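If you read the sequences in order, they're chains V and E. For the first sequence, the numbering used here assigns the number 394 to the last residue and increments by one with no breaks. For the second sequence, the numbering used here assigns the number 1135 to the last residue and increments by one with no breaks. What follows is a single structure, written as structure tokens, with notes after it.
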Amino acid sequence: MNASPDMVYLDHAATTPPDPAVVDAMHRSLSGESGFGNPASTHVAGRRARAAVEQARARLAALLHTDPGNLVWTSGATEADNLAILGAARLRAHRGRHLITMRTEHKAVADACAALERQGFEVTWLAPERHGRLDLTALEQAFRDDTQLVSIMHVNNETGVIQDLRAIGERCRDRNVLFHCDAAQSVGKLPVDLSALPVDLLSMTAHKFHGPQGIGALYLAPRPECRIEPLLYGGGQERRLRPGTLPVHQAVGMGVAAELAAARLEEDLRHYARLNERLWRGLESIEGVVRNGGREHAFPGILNVSIAGIEGESLLLALEPVCVARGSACNAQSGEPSHVLRALGRSDHLAQSAIRFSFGRETTEAEVDFACRRYAQAVAHLRTIMPATAVQAA
Amino acid sequence: MDGAYSDEVRRLFADPAHAGDLPPGGSRTASVEVSESAAGCRVRLSASGNAGRLSAVRFRAFGCPHLLAAAEAFCAEVEGQPVTALLARRVPALMERLAVPVEKTGRLLLLEDAAKALARELLEDSSDGTNDTQT
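Below you can see the structure in the form of structure tokens.
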């Protein structure tokens, strides 16, 4: 890498560049390899498109160790989260109207739960333990006779903290409560074995693991209890749960991305762990830097740090051309301190200075070293401008 | 954030010639610091006066790039002017010049608050010396 690159992309938790093999497969699909047909049509063009969609579904199912028939295509994880939470809560409303989630969930889950609250459901918002994990005792105490759904994410999109899906799911099964998991940050990056995990509903999206934007899926466990209402009505596609003409080329892209991820999962994880350690070694000696989220149960593709006395928006600009995020990309416009970090007990001052670095398959050690130097330069620059009283305020 | 900052904001942010503290010594000096709790922003203005003029003006600020750039532009504008120049309304023109989003008006008004307090310090204290005020 040269001394001043145009861009160093370390925001893979926001989105990842599609793998060249994904782009190639999508291009071939759009160019006619899988036809231009509507996969719902019964004629030869439709059957050709349908075959491509089902091959993609099978590839995604193989990554997750499940049957292809358990997967429903969506436009991404946000839609899958909404379909799971709203769909399950509404279908089971006659049995009870209580849900449990965490304060550190992605807005796609939090806002869906908040919408249900406005419709008369009750939601228990569990606080995380100090390092971001769910307190299982608190979960057990939160269950009520009318609890119908628990929604807990797998990997936190800001801190990388990993939740214990097996422990949570077992507690839900014991009480006949559905367990939904937002796995947008883990599918394709961490092993997710749905043949062994007690998860009922699981949301995912392709663009977090080098697939295309605009497509995702919802897993529904093959259990009689695991049923949901659709959010949309129209054609009978996707088991009548998600009607609408399927985007064949996007499904093809997600399928190829899943196949690549399955083949590279362990290698990618080792790569992320090396980069994470290298970056943290470089940053931890800078005065005032703290790591957000625990290290023990954390996805190594994400490193989140705060620093006392430095304002986050200015830090983000001073870091250019390093592309990173302040918390969630989906929350980037609000300018408010991260709700996730505040739930972890960080002060508003430290939470607003948080920077999330996230690595991808193509990230190099040279890029990490550049980002580290740039962070140190940015902090030094801003310390010549910002008053000492800002540090005292922290 | 693409397109969030004008070229001038980027230039002032990257090279704020008036950031820091006044050089030691010199004539009558004053410093004030103001803050607002909503976004945690702070502005510290320091100036030295000589024969009724602002011979040097410096700032320190905790805030977004727009606030830092505006503080730099503000100091550059008033340096060398009469002390009373601190009392002029400058924020609307600065916001237009730097293309500051309207929702950041509150934090930029910290500059006016600090400037007025600084003018008071410099105008009311007729004797030579140093004043330091926090609000």
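Ideal Cβ positions, reconstructed from N, Cα and C, are used throughout, including at glycine. If you're wondering where the values come from, they're calculated on a predicted model, not measured in any experiment.
From the beta-carbon of C1064(E), the residues of chain V found nearer than 7 Å are E311, E313, S314.
Within chain V, P387, T389 have C-beta atoms less than 9 Å from the C-beta of E1033(E), given in sequence order. Close partners of F1074(E) in chain V (Cβ separation under 7 Å) are lacking, with about 14 Å as the shortest Cβ gap. DSSP places A1004(E) outside both helix and strand once states are collapsed to three, so it counts as coil. Close to L1098(E), with beta-carbon spacing below 7 Å, lies no residue of chain V; the smallest spacing is near 14 Å. Excluding residues up to 5 positions away in sequence, P243 lie with their Cβ nearer than 7 Å to the Cβ of Y233(V) in the same chain.
Annotated three-state conformation of D182(V) is strand, per DSSP.
Under the 8 Å criterion on CB atoms, D348(V) is classed as interfacial with respect to chain E. With a beta-carbon spacing of about 6 Å, L344(V) and P128(V) fall inside the 8 Å limit used to define contacts. Taking a 10 Å sphere around the C-beta of S1027(E), we find fewer than 16 other C-beta atoms and assign the residue as exposed.
Using a 10 angstroms sphere on the CB of N1050(E), the tally of other CB atoms stays under 16, which defines it as exposed. Within the same chain, Cβ atoms closer than 6 Å to the Cβ of G1020(E) are found at R1058, the five residues on either side in sequence being excluded.
The shortest C-alpha to C-alpha distance from L218(V) to any of Q250(V), A183(V), L197(V), V248(V) is the one to A183(V). Cβ atoms of V368(V) and S29(V) stay farther apart than 8 Å, at about 35 Å. In the DSSP assignment, Q148(V) falls within the beta strand (DSSP E) that extends over 147 to 151. Fewer than three Cβ pairs drawn from the region 59 to 70 of chain V and the region 83 to 97 of chain V lie within less than 8 Å of each other, which leaves the two stretches out of contact. V1032(E) sits buried, since 16 or more C-beta atoms from the chains shown fall within 10 Å of its C-beta. For T15(V), none of the residues of chain E pass the 9 Å Cβ criterion, the least Cβ distance being about 14 Å. Taking every protein chain shown into account, the CB of P300(V) has 16 or more other CB atoms within 10 angstroms, so this residue is buried. When Cβ-Cβ separations below 8 Å define contact, L319(V) makes no contact with chain E. For Q352(V), the closest Cβ of chain E is nearer than 8 Å. Going by DSSP, E1036(E) is part of the beta strand (DSSP E) stretching over 1028 to 1036. M153(V) and V1083(E) have their C-alpha atoms roughly 58 Å apart.
Excluding the 5 residues flanking it on each side, I286(V) has same chain C-beta neighbours closer than 8 Å at I307, Y375, A376, V379, in chain order. In this structure, G1040(E) keeps its C-beta atom at 8 Å or more from the C-beta atom of Q213(V). Going by beta carbons, A1070(E) and L1108(E) fall inside the 8 Å limit. Contact between A1061(E) and L1067(E) holds: CB atoms are separated by about 6 Å, below the 8 Å threshold. Secondary structure note for H98(V): it is in no alpha helix (DSSP H), and the uninterrupted beta strand (DSSP E) holding it is 98 to 102. Closer than 8 Å to the CB of T364(V) there is not a single CB belonging to chain E. Sequence-distant partners of G76(V) (beyond 5 residues in either direction) whose C-beta falls short of 6 Å from its own C-beta, in its chain, are T205, G216. In this chain, the beta strand (DSSP E) harbouring A1061(E) covers 1053 to 1062.
R1044(E) reaches chain V at P387, counting residues in chain order whose Cβ is nearer than 7 Å.
Assignment of A115(V) by DSSP, reduced to helix, strand and coil, places it in the helix class. By the criterion of at least three beta-carbon pairs nearer than 8 Å, the region 143 to 162 of chain V is in contact with the region 100 to 113 of chain V. The region 282 to 333 of chain V is shown to contain whole alpha helix (DSSP H) runs of 4 or more residues at 312 to 318, in chain order.
Straight-line spacing of the CA atoms in T1105(E) and Q250(V) works out to 43 Å.
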